[in-house]
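Okay, so the sequence shown: first residue is 3 according to the working numbering, each after it adds one.
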Amino acid sequence: MDLVCRSLILNTSHPVKANMHNFGEFMLALMQINEAVDELSLSFTYSSNLMMMLVSLFTIM
């Protein structure tokens, strides 16, 4: 992580400004990943509930 920060500082003309921008983009990406994971887990629980319902239906028959 330290190495990444150092390379960012070296590669930019205005270190602090660029680092804040990169940090903002990083946080945005994290939030998007979080949302995607939430949607994924929701659809997973939904499909597993569906499977359970189907299984119970078959056992009843």
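For every residue, glycine included, the Cβ atom is placed at its ideal position computed from N, Cα and C.
Keep in mind that this is a model prediction, so the values were computed, not measured.
Between L30 and L52, the alpha-carbon positions lie close to 33 angstroms from each other. Going by C-alpha positions, F25 is about 21 angstroms away from V39. When only Cα atoms are considered, N36 and Y48 end up about 18 angstroms apart.
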